[in-house]
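See below for the structure under consideration.
In the numbering used here, the protein residues as written are 23 to 132.
And the structure:
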C-alpha cells in the first residue's frame with residue numbers, strides 16, 4: 023500500500039474526486055493548506071494598500087491505495103489537476119506498512 027499526498031489548486035478538487043471515482047478510489051482526505059514553491063506568491067490590494075501574499079491557498083489530498091493503483095492514481099492526479107502553469111502542485115508517494123480500521127480493529131497488511 024502507498025500513501026499518496028497531492029497538493030493542488032483549490033478549484034481542481036472536484037475534478038480530482040471525479041477522476042478518482044473513475045478508477046474506483048473511493049476514499050480521500052481533503053485539507054486546506056497554505057504554502058509556496060516556485061510560484062512565490064503575488065501582490066494584492068486590500069483597502070487601497072498593497073501587500074505581499076507569500077503563502078497561497080492550496081488543497082492537500084491524501085489517499086491510501088494498493089500498489090497496483092499507484093500509477094493509475096498518479097495519472098488521474100496529473101490529468102485532473104494540471105493547468106500547465108506554475109502552481110499546479112506536487113505529488114508525494116510514501117509506503118504504508120499497516121492500516122487499521124478503528125471501528126472493527128481490522129488490520130490491512132501492505
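C-beta atoms are modelled at their ideal positions from N, C-alpha and C, and glycine is treated no differently.
Bear in mind the structure is a predicted one, so any value in this text is a computation, not a measurement.
If residue i sits next to residue j, beta carbons under 8 Å apart, how far is it from one beta carbon to the other, in whole angstroms?
i           : j           : result
residue 98  : residue 45  : 6 Å
residue 109 : residue 77  : Incorrect: roughly 12 Å between the Cβ atoms, too far for contact.
residue 38  : residue 102 : 4 Å
residue 115 : residue 86  : Not quite, the Cβ-Cβ distance comes to about 11 Å (not below 8 Å), so this is no contact.
residue 111 : residue 31  : 7 Å
Taking residue i as part of the beta strand (DSSP E), name the residues at either end of that continuous run.
i          : result
residue 71 : 71-75
residue 48 : Premise fails: residue 48 is in no beta strand (DSSP E) and is neither H nor E.
residue 93 : From DSSP, residue 93 is part of no beta strand (DSSP E) but of the alpha helix (DSSP H) over 92-103.
residue 17 : The structure shown does not extend to residue 17, since the chain spans only 23 to 132, so no value can be given for it.
residue 30 : 24-30
Is the beta carbon of residue i sitting closer than 8 Å to the one on residue j?
i           : j          : result
residue 80  : residue 56 : yes
residue 52  : residue 26 : no
residue 113 : residue 24 : no
Would you give the residue range spanned by the alpha helix (DSSP H) that residue i belongs to?
i          : result
residue 39 : 35-44
Please state the DSSP three-state secondary structure of residue i.
i          : result
residue 9  : The question about residue 9 has no answer, for the chain in this structure spans 23 to 132.
residue 57 : strand
Skipping 5 residues on each side, what residues in its chain have a beta carbon closer than 8 Å to that of residue i?
i          : result
residue 65 : 72, 73, 74 and 75
residue 35 : 52, 81 and 83
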